[in-house]
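Those letters in the sequence shown? Residues 41 to 357, per the numbering used here, in order.
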Amino acid sequence: MTESVVRALYGKAKSLNLSSKKINVVPECVSRLPNLSVLLLKNNSISALPNELLCLHHLVELNLGNNALKELPAVLGHLESLKKLYLFSNQITAVPPDVIDGLQNLVVLNLNHNHIRRLPPEIKSLTRLRLLSVLDNKLEEVPAELGHLTSLTEINFTSNNLPSLPMQLYQCKELTKLHVARNKLTSLPEGIKALTKLQVLDVAGNKLSMFPVEDVEVLMLKELAARFVLQQDRDMSSLVHRMLPYYPPLPELLANGSCCALCLNPFLTTWLECVHFVSVNKETKMRSSKTIPVRALLCSYKCFNTEGHSYYGVARK
């Protein structure tokens, strides 16, 4: 480790890699590298940062992943040039407002694999943030101020305890990836349909029954694959139809599929439950003027919103 620091000192290095050096403190001499822009300290046993790091006015990237930090060191809030901050796999329980408030140039914030329960409202200061990853923590809520982060392109809240997402999420117009798998979500905010650039929405392992979208449905990978296989299975000459007997569990799973009452396309999971009213006289040839509700399943809101049908959505309390 000493050799690495000495070489950096003499060479006026802009990058210093002290990862996996079995250190528990950051060498104070690091502060004598005022031009340092990248400092890698991952895979050590560091539990605190020296105040001398305040001298690193040009530090752009700091990696403290897989260390022994229990809190965000206060000195981080003074590293105003910092753009990438990696704090994954520590023992952090909270994100202090005064620290996060000083990181206004941050572009990447990785807090994966910690014990964080809440993000402070001061997160709204990170207006340049593009990637926010808090995977595998104990998040119980996300502040409405998340909507101020309009530069975000990717959010990862996978494996937390979130019962809901803030409505203000719709303000993050640049969002292309939203990972919220393995939480406690029962619904998604209505505004999510405004995220027109969204390409990936991972909601696996939640308790969702429907998505709040109008003309475009967001389906899980399992459902997309099932619909494709069910469609191909209708063609007796298709490769999929011929190969299905070789995968016994698959036909058993697909046997639970249904057919859309409108477009007649197959689907696996019930998307929209409806009813339509039929005449008893017409259906049973009995002399009766009564009509009865008959259950019908639709594959999408697109079908439901087409004109000319007589299907009514079923609301559940």
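Ideal Cβ placement from N, Cα and C applies to all residues, glycine included.
query: Leaving out the 5 sequence neighbours to the left and right, which residues in its chain are closer than 8 Å to Leu235 when beta-carbon positions are compared?
result: Leu209, Tyr210, Cys212, Lys213, Leu215 and Leu218
Through-space distance from Asn200 to Asn223, alpha-carbon basis: So the alpha carbons of these two residues sit roughly 5 Å apart.
- prompt: Using the beta-carbon count (16 or more within 10 Å), is Asp275 buried or exposed?
  reply: exposed
message: Let's see if you can read the secondary structure: which residues bound the alpha helix (DSSP H) around His281?
response: Leu279 to Met283
task: Please list, in chain order, all residues of the same chain as His281 whose beta carbon is under 7 Å from its beta carbon, the five residues on each side excluded.
output: Gln272, Asp273 and Asp275
- prompt: When the Cα atoms are used, what is the spatial distance from Met207 to His188?
  reply: 12 Å
field: Classification of Lys82 by the beta-carbon crowding that lies within 10 angstroms, buried from 16 upward
entry: buried
query: Hey, Leu127 and Gly105 are a contact pair by Cβ (cut 8 Å); roughly how many whole angstroms apart?
result: 7 Å
- prompt: DSSP beta-bridge partners for Leu80?
  reply: Asn57 and Asn103
task: Less than 8 Å between the CB atoms is what I'm expecting for Thr198 and Leu171, so what's the real figure, rounded?
output: Between Leu171 and Thr198 the Cβ distance is about 14 Å, and since that is not below 8 Å, they are no contact.
field: Beta-carbon spacing of Ala108, Gln131 below 8 Å
entry: Using a Cβ distance threshold of 8 Å, Ala108 and Gln131 count as a contacting pair.
message: Need the endpoints of the alpha helix (DSSP H) that Cys343 sits in, please.
response: Tyr341 to Phe344
message: By the three-class DSSP mapping on this structure, what secondary structure does His98 have?
response: coil
- request: Determine the burial state of Ala295: buried for a count of at least 16 other Cβ atoms within 10 Å of its Cβ, exposed for fewer.
  value: exposed
query: Ends of the alpha helix (DSSP H) at Ile63?
result: Counting along the chain, Ile63 falls outside any alpha helix (DSSP H), and DSSP gives it neither H nor E.
- prompt: Three-state secondary structure (DSSP) at Cys69?
  reply: If DSSP states are grouped into helix, strand and coil, Cys69 belongs with the helices.
Neighbourhood of Lys164 by C-beta, 6 Å cutoff - its chain only, sequence neighbours within 5 removed: Glu185 and His188
query: Would Ser77 pass as a contact of Lys62 if the rule is Cβ separation under 8 Å?
result: no
field: Classification of Val243 by the beta-carbon crowding that lies within 10 angstroms, buried from 16 upward
entry: Here Val243 is buried, its C-beta having at least 16 other C-beta atoms within 10 Å.
query: Residues in its own chain within less than 8 Å of Asn64 by CB, not counting five upstream and five downstream?
result: Asn84, Ser85, Ile86, Ser87 and Ala108
Distance between beta carbons of Leu99 and Leu122, contact taken as under 8 Å: 6 Å
- request: Label Phe317 either buried or exposed according to how many other C-beta atoms from any shown protein chain fall within 10 Å of its C-beta, with 16 as the threshold for buried.
  value: Exposed: under 16 other Cβ atoms inside 10 Å.
Through-space distance from Val334 to Asn177, alpha-carbon basis: 46 Å
- request: Select from Arg72, Leu58 and Val135 the residue whose C-alpha is nearest the C-alpha of Leu29.
  value: Here the chain comprises residues numbered 41 to 357, so residue 29 is not present and cannot be evaluated.
message: Taking a contact to mean a Cβ-Cβ separation below 8 Å, would you say Thr346 touches Leu302 in this structure?
response: yes
message: Just verifying my parser: in three-state terms, what is the DSSP assignment at Tyr210?
response: helix
Option nearest Leu112 by Cα separation, candidates Ser60, Leu93, Glu101 and Leu89: Leu89
query: Whose C-beta lies closer than 6 Å to the C-beta of Pro161 among residues of the same chain, with five residues either side of it excluded?
result: Pro183 and Glu185
- request: Work out the CA separation of Leu96 and Leu102 for me, nearest whole Å.
  value: Leu102 and Leu96 have their C-alpha atoms spaced approximately 11 Å apart.
query: Are Val135 and Leu159 closer than 8 Å when you measure CB to CB?
result: yes
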